[in-house]
């Protein structure tokens, strides 16, 4: 019973973490583009 719960929690945590990493990466790319455009 416990291993199933742990697997569920780990799957949720990994998906949540990946979403945060992707969102922060996309935000960083957009921020870098804006900064590059401002420096021209």
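In the working numbering, the protein residues as written are -9 to 30.
C-beta: ideal position from N, C-alpha, C; glycine also.
Quantities reported herein were computed from a predicted structural model and do not represent experimental measurements.
DSSP places residue 16 in the helix class (H, G or I) of the three-state scheme. If you draw a straight line from the Cα of residue 21 to the Cα of residue 4, it is about 25 Å long.
Collapsing the DSSP output to three states places residue -4 in a helix. Rounded to whole angstroms, the gap between the alpha carbons of residue 28 and residue 19 is 14 Å.
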